[in-house]
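Report on the structure given below.
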Amino acid sequence: LTDAHLGQRPEPATRKSDIILLTSGTTGSPKGAKRSAGSGGAGDLKAVLDRTPWRAEEPIVLAAPMFHAWGFSQLLFAALLACPIVTRRKFDPEATLGLIDRYRAT
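Here it is in structure tokens:
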């Protein structure tokens with residue numbers, strides 16, 4: 102695929118991109134929920150930080166799946182706060198608690 106396009110630059114975007122995140126599937130199968138690039142921002146970050154113990158540059162164990170809205174949000178918030186991010190390929194409660202202890206994470 103890349104060999105067919107060597108030396109060609111894509112056209113600049115004419116509009117902002119959207120993000121599609123999966124819902125939790127609480128009432129059925131997970132569904133794609135479109136979020137516009139303009140949604141969220143500093144107000145959302147402040148609202149989350151007012152309710153969580155996160156601090157800049159402190160390690161965070163990210164246990165939620167990153168394809169889900171909360172996991173993706175955690176990833177973005179941690180990056181904005183310059184926090185080291187610790188993840189696992191598959192969730193395991195005891196292993197996750199071990200990572201929290203090992204990295205002294207929030």
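Residue numbers 102 to 207, in the working numbering, belong to the letters of the sequence shown in order. Ideal placement from N, C-alpha and C gives every residue a C-beta, glycine not left out. Nothing here was measured: the structure is a model prediction, and the numbers come from that model.
| Item | Value |
| --- | --- |
| Since A134 and A170 are thought to touch, with beta carbons under 8 Å apart, how far apart are those beta carbons, to the nearest angstrom? | 7 Å |
| Can you grab the Cα-Cα spacing for the pair R116 / R136, in whole Å? | 14 Å |
| On the DSSP bridge list, what partners appear for V162? | V187 |
| Can you tell which of G144, M167, E158 has its C-alpha closest to the C-alpha of P185? | E158 |
| Excluding the five sequence neighbours on either side, which residues of its own chain have a C-beta within less than 7 Å of the C-beta of G199, listed in chain order? | none |
| Grab me the residues of A196's own chain with a C-beta within less than 7 Å of its C-beta, minus the 5 sequence neighbours each way, in chain order. | R189 |
| Consult DSSP for G172 and reduce its assignment to one of helix, strand or coil. | helix |
| Pull the bridge partners of K132 from the DSSP assignment, please. | Bridge partners of K132: none, in fact. |
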